[in-house]
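Notes follow once the structure below has been shown.
Residue numbers (my numbering), protein chains in the order written: chain A, 1 to 161; chain B, 162 to 511; chain C, 512 to 794; chain D, 795 to 1451.
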């Protein structure tokens, strides 16, 4: 609490870790090809601006996202992860996002249980038409994770930021 | 060397420990989740050096770490550069308290292999910089059989300082090596002790009581000989049937020293690790071409038993077993290596 | 709860009738009250078999090794064990017609100190679900209870939980006894054992242990039957049940009260879905 | 070791203005595996592609990273460049530094550059793990399914069938013809709609390659391009079409009267009916909701009077299954219900009608024999007010887009009014006159002169009743005054909207759709008739509002696409599919359970080398697999991998940010 009073940003999970000055979080965005990736392209074509912290990885479907991608991300380069897919019922592959949704919930709750702030792992449904929504989602996730401070849990030892 | 025996009482011992902890980097058995394990300690309150319960895992990780970083490298377009790894936390000068005799003995066994064709400098450094203080057990546990093996438990010189609980609350402290002698001079306040003037009779008495408490007894020479002849014994299949190949025995064993080398890379930085491995692991012997000479449990079990009691003996003149019983204690299905080797050896090949 | 005699009789009969090649049961260690799983291959060894409240280990685990593969197996299962057997049947790992299952209406087993195991006190299905023959008086199906440890830990703050689990992962020595003792971990090669440098998670460090245990518990989420083989196997005595029970609770509360291995053909919570699944955590 | 070439595009100023491109190149050059990196103004241009081709041979590159626009845009282009240079096209990775960096971080060049560098590094890391992939050949069922029998469906079906490819044409209503059959004359030529449409309808009915299934709907479509299986429900018509001669006695005698949909409910039809006289097929169906024999079991007159005994009250819905290679979706459009315009008195004033109602009235075969009348008193109106953009371009009440056709048909309506009622006068309230199209502007100009209609630019604010007249109050923006027009009849040019069940159909087909319910094309400019799902094409208003010439053009384009698929006995398929590593597969069959396409089966393989013991493993049917990766994520032993998106590729991306 003291550190906060001094206007220093600390890691929410490990308050002893203080963010370096001008610290910017790295967020990994894993997007499904048909809805969210197309939606993020639309954000681009519409020139809607959003914070530059997100790094986007394209996968065919949200159901391709194995929970260990999220674990690995948080253990290496990321301070937070966003996974985005098609809205329920709109999956290009019929039912992929329904399976993915179950895995996401359990993964999120489990990571939260062992001490990660729940906002480190976020999910969204963004359709190919929702360019503005994608920008809003990224802005929100970035803002959330900025508040949480740097992630310093179980990082791989050879990871140097 | 000339043996001096210091005699003190429980309180004096506590003071001795406190002095050690205050002056040295000290490792001692600490309880976590109901099991004891060697941990770095900063006060006597954290640990229990005289715990009658042996540590679940041996002191091996302090000399042969679970995952040692053997190098660190970066790779970019200008080339691959090996970077200095962080300082090895185990090569600092340190003291280990509360090591049982079997654990201490295991270091002598390991020394053989680490000084063999390749001299492992890190290991040597760790050994040289460590003072081992060992307390003799008062009583054997269920799976203990150290007295049945090829070393003299009573006159063991694997520890630098030996502590023995005598009668009437007396505690005997002896240096067993020169390093130990020097250490005692530095850390033990002679004022709190009586210098034992006479023979070490009391120690002998304690040892006899301790030796009498063993349930398991075997003739290791017979075992060595019989096992060397029964490579094809079908008995191995029987004794390995309830093994679940879980590797626990090798990981807790003080003498198992198999490892694997693997790289982990993030961004352009990689670390090369040397981590524990176990011959019970199904793909321990899997070769790059896909062939696996030990695809089934009994072959792996045979390797384990024979390596411990035949191969190592042939090469280094020692059993690769110190009779600590840690494997049997930790085995999820309560398999005891004592029973296994005896069972195999008792069924001679026709 | 002592069915030693009955089980010896059943095994003896099965061998005499030539119905089985191997019988998986328990025998005494020979030096204390604890028991060792035993694979009996001959009628003359049947007298080794015992069964009482110290018959803890889930024998279904033995169905994945070469000693039982493609053989006709007799097997003793308690309630939790039978649920894992149910999953193995569903996941085509064993063939029902090759098994002779002796089901136990289980009164609960005890740990090495003789105290009743925590999972037995919270057991929902004490009676074997899959069985050719039942021993004991059947129980009513009990109500699902949230694990007490979970409740306590979940009510703590984020930092406290982090501190607690950091200790857990730090004490893991990555011997993999947990996964080898788990009847549901039967993969030929575990996904955690990767060799490629970027995929590698094998380092025997806290972060490696975190990765391994997280991945492992997610692979068992919605499948774990709470037999606690893993916890008993763990040489560091880690509270592994916390991860599984937490997942079980999340799944039970969110996915139509799913419990693993209760119904034949139910593969676990991640291999089905419902339109009613919670969606509010997704933006 | 991998030798990667990195090619960074300026995209003119699109990337270069907001990302420091030379810096990105410089950063890329620092990566160990990158052996060549360069920037260029337009990488997608031929000289740009030439650079890639040259570098591949000169630097012996093993994979290529192009940092440019979205891979959804030019991945194919660059893949082609790779294969032209003799390299496997799937060794390409695209780093999306335009849509994901330069266009969205225009205010922060430093951050955008950093991000672009990261994206390149990720793409390089991924590309190192790329494998050579080869296109897959899949056998093709040469039969097309056309959904919807309006002019789009008719045109597509005829064009495909003329190429001697069998077509199954499914129409929801009892007759094909669609909306165009309801029109009187068509702009800008004032052709008689019926005269140009009905011959095509007859052609459909008689074409040897067309199987017409009217009064039916598609229930299920499973499979994949070239190998779909469609389940079609043919609704019970209660009339045996095989024996019915279409004589008409039944509907003449039927006592039940129902509002006639074809005439927008202005007159009545019977419970047994053909939608209109020129219907194809010209056989009646029984409207089960209204027939008293079917609802109450009383009547049965039609069965009595039918000489052929064609009436069968016990007829059931029939499920028809067809194997299909490609699908054309031509479900057309609906008109927006103007009810939200309460201030106009919609619903309260009978003399406010929609344009399609007006169209039916002025139609020669319409309910009023071609003369417009006031619904309230049947009198012929003199002053008629046309109001455009009802629902269109109206975010508050209707939809945002322009319905495209209303300007033109309203112009047409002023002409038709002028023709039918010589002494009438038309007033047109408009926002803009959008007359882009061949002959359209001329048509509007001529109409304005010929009809002397009064064009008032402005929105109508209110309509109220005064006596039997309607007073239309609106603004004339050109003179900046509020005007009031005394009208006998008000015609609302209601917006074009997608059919209500379009999203349902889209979901059933696995096609994406936009927020209005129009189905989405694969690319708005370059792939306007394809959907993102291979083998499914869009014709007409199911994609967006359009007029008849555009619809017909798109329908023919669909036909060309379908014929393209069917040009060989097999077709090429993307190799981004799953494969099973038998060594690791445990045979648990979780993948079989979650695969949405049923693409995974099991096979028996030996336990080990030369072993006689067998075990079960999963096997992917590569023709059926669509590459979603669901199976990969549920495969605990990591035995399945998805080409192009392997675990190694994705993790490489993650760890190299």
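Even for Gly, the Cβ is constructed at its ideal location relative to N, Cα and C.
Here the structure is a predicted model, which means the values were calculated and not measured.
Looking at the DSSP output, residue 849 of chain D sits in no beta bridge, so it has no partner there.
Put simply, the CB of residue 901 of chain D is near chain A, with a gap under 8 Å to one of its CB atoms.
Inter-residue distance for residue 967 of chain D and residue 1383 of chain D is about 44 Å (C-alpha atoms, whole angstroms). One alpha carbon belongs to residue 817 of chain D, the other to residue 895 of chain D, and they sit about 14 Å apart. Annotated three-state conformation of residue 733 of chain C is coil, per DSSP. Interface annotation, residue 826 of chain D: in contact with chain B, CB-CB separation under 8 Å.
At a C-beta separation below 8 Å, residue 718 of chain C has these neighbours in chain A: 75, 154, 155, 156 and 157. Of D:1350, D:1358 and D:863, the smallest CA-CA separation from residue 1329 of chain D is found for D:1358. Annotation for residue 890 of chain D: no alpha helix (DSSP H) segment contains it, though the beta strand (DSSP E) segment containing it runs 886 to 890. Interface residue (Cβ-Cβ distance to chain D less than 8 Å): residue 426 of chain B is classified as such. Checking the DSSP bridge columns, you'll see residue 1053 of chain D partnered with D:1062. Residue contact with chain C for residue 196 of chain B: present (Cβ-Cβ distance below 8 Å to some residue of chain C).
Here the alpha carbons of residue 280 of chain B and residue 621 of chain C stand approximately 49 Å from one another.
In the three-state reduction of the DSSP assignment, residue 173 of chain B falls in the helix class, which pools H, G and I.
For residue 604 of chain C, at least one C-beta of chain D is nearer than 8 Å to its own C-beta.
Taking a C-beta distance under 8 Å as the contact criterion, residue 99 of chain A and residue 1372 of chain D do not qualify as a contact pair.
Secondary structure at residue 840 of chain D: helix, using DSSP grouped into helix, strand and coil.
With contacts defined as CB atoms closer than 8 Å, residue 439 of chain B and residue 411 of chain B qualify as a contacting pair. Relative to residue 1206 of chain D, the option among D:1314, D:1313, D:1239 and D:1189 whose CA is nearest is D:1239. Using a Cβ-Cβ cut-off of 8 Å, residue 400 of chain B does not count as an interface residue toward chain A, since no Cβ of chain A sits closer than that to its own. Assigned with DSSP and collapsed to three states, residue 201 of chain B falls in strand.
Think of a sphere of 8 Å around the beta carbon of residue 431 of chain B: the chain C residues whose beta carbon falls inside it are 708, in chain order.
The straight-line gap separating the alpha-carbon atoms of residue 397 of chain B and residue 482 of chain B is approximately 19 Å. An exposed status is given to residue 1262 of chain D, since fewer than 16 other beta-carbon atoms sit within 10 Å of its beta-carbon.
Only buried fits residue 251 of chain B, as 16 or more other CB atoms lie within 10 angstroms of its CB. Proximity of the stretch 469 to 480 of chain B to the stretch 664 to 680 of chain C falls short of the contact definition, fewer than three beta-carbon pairs being nearer than 8 Å.
A Cβ-Cβ separation of about 7 Å places residue 95 of chain A in contact with residue 784 of chain C under the 8 Å criterion.
Among the bridge pairs identified by DSSP, residue 1147 of chain D is matched with D:1285. Annotation for residue 1115 of chain D: 1025 place their beta carbon closer than 6 Å to its own, counting only its chain and skipping 5 residues before and after.
Here the stretch 1299 to 1315 of chain D makes no contact with the stretch 983 to 995 of chain D; the two share fewer than three CB pairs at distances below 8 Å. Judged by pairs of C-beta atoms under 8 Å, the stretch 9 to 19 of chain A does not touch the stretch 124 to 143 of chain A, as fewer than three such pairs exist. Inclusion of residue 1431 of chain D and residue 702 of chain C in the CB contact set at 8 Å is warranted, their separation being smaller than that value. A residue is called buried when at least 16 other Cβ atoms come within 10 angstroms of its Cβ; residue 742 of chain C meets this threshold and is buried. When the Cα atoms are used, residue 515 of chain C and residue 303 of chain B turn out to be separated by approximately 25 Å. Boundaries of the alpha helix (DSSP H) around residue 461 of chain B: 458 to 467. Interface criterion met: the Cβ of residue 237 of chain B is under 8 Å from a Cβ in chain D.
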